[in-house]
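Chemist: Sequential numbering of the sequence shown, starting at 111, is according to our numbering.
Glycine included, every Cβ here is placed at the ideal spot set by N, Cα and C.
Treat the numbers as computed from the prediction; the structure is a model and nothing was measured.
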Amino acid sequence: MSGLVIYNSKYGSTKEYAVELAKKMKWEALSYKNVNAGKFNETKEIVLASSVRMGKMKITGWAKNKADLLKDKCKAVIAVGGTESGKQDYYVEIVEKNLPFLNLKKDQIYGLGGRQIISEMKGFDAFVFKMLDKMMKDDDERKKEILQEVDHMDMKLLDPIVTYLKNS
Ligand SMILES: Cc1cc2nc3c(=O)[nH]c(=O)nc-3n(C[C@H](O)[C@H](O)[C@H](O)COP(=O)(O)O)c2cc1C
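(1) Near I227, which residues of its chain fall below 8 angstroms by C-beta distance, leaving aside the five closest residues on each side in sequence?
(2) Within its chain, find whatever has a CB closer than 8 angstroms to the CB of A94; leave out the 5 residues flanking it on each side and keep chain order.
(3) State yes or no: is the C-beta of G192 within less than 9 angstroms of the C-beta of G165?
(4) So, does the stretch 240-252 touch the stretch 131-147, judging by three or more C-beta pairs under 8 angstroms?
(5) Can you name the start and end residues of the alpha helix (DSSP H) that L275 belongs to?
(6) Using a threshold of 8 angstroms, is the CB atom of M246 nearer than that to any non-hydrogen atom of ligand 1?
(7) Is DSSP giving G113 helix, strand or coil here?
(8) Does the beta-carbon distance from A139 to V162 come in below 9 angstroms?
(9) Check whether the Cβ atoms of M263 and Y127 lie closer than 9 angstroms to each other.
(10) Is it true that the CB of V115 sits closer than 9 angstroms to the CB of I156?
(11) Just to confirm, is the Cβ distance from L272 to M167 under 9 angstroms?
(12) Would you mind stating whether K149 and G113 have Cβ atoms separated by less than 9 angstroms?
(13) How many angstroms separate the CA atom of A147 from the CA atom of L180?
(14) Going residue by residue through the stretch 158-242, where are the continuous alpha helix (DSSP H) segments of at least 4 residues, counting only ones entirely within it?
(15) What did DSSP end up calling E138 once you bin it into helix, strand or coil?
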């Protein structure tokens, strides 16, 4: 196995994209929690996939710790959010802000729309969304954007990433 998709996913959207990308590449997909030093050594190419929460990528802390190991092997980064995939500028800005130490070029960054099912949220997440609902005015356009239930999952969005990885 020469390639690895390392993911951080809470509700499953990022994991689904990671597993499907690994399948298409004949790579392996692993949660960041299960990646040890041995795995890094036997892996030539890495893709990082992380969900976005309040503008932050969930994998940032872990990736920062492993920056030296990731620098040469990280071929692409995938950010998954409730924001639709058409808004690539939004995702590129988030990845560049969160992972500046990877020195990524724009063509290595991919934003993919995930699922945001508010009724399934638990604990702190449910609390945050309830608070936002209370705090924002009903006619606020941002409120509609942030608090809507979305399912942007589309495995076809992985095709350009596969093409990029195969040609790079
Ligand atoms: C507390 C919270 C904050 C979020 N903040 C953002 C955000 O800043 N931008 C965004 O595009 N999506 C945001 N989302 C939506 C998630 O990124 C989206 O549901 C994504 O599919 C979750 O990935 P996962 O299923 O792999 O956990 C947020 C979700 C939660 C629960």
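Modeler: Once the coordinates are examined:
(1) Taken in chain order, the residues that qualify are Y121, E259 and D261.
(2) In the structure displayed, the chain extends from 111 to 278; residue 94 sits before or after that span and is not available.
(3) Judged by their CB atoms, G192 and G165 are not nearer to each other than the 9 angstroms cut-off.
(4) No contact exists between the stretch 240-252 and the stretch 131-147.
(5) D269 to N277 is the extent of the alpha helix (DSSP H) around L275.
(6) In this structure, ligand 1 has no non-hydrogen atom nearer than 8 angstroms to the beta-carbon of M246.
(7) Look at G113 here: in three-state DSSP terms it is strand.
(8) No. Outside cutoff.
(9) Taking 9 angstroms as the Cβ cut-off, M263 and Y127 qualify as a contacting pair.
(10) In this structure, V115 lies closer than 9 angstroms to I156 by Cβ.
(11) Here residue 272 turns out to be Val, not Leu, going by the sequence shown. Taking a C-beta distance under 9 angstroms as the contact criterion, V272 and M167 do not qualify as a contact pair.
(12) The beta carbons of K149 and G113 sit no closer together than 9 angstroms.
(13) Roughly 11 angstroms between the two C-alpha positions.
(14) Runs of the alpha helix (DSSP H) lying entirely within the stretch 158-242, each at least 4 residues long, are 170-175, 177-180 and 198-208 in chain order.
(15) In this structure, E138 counts as strand in the three-state DSSP scheme.
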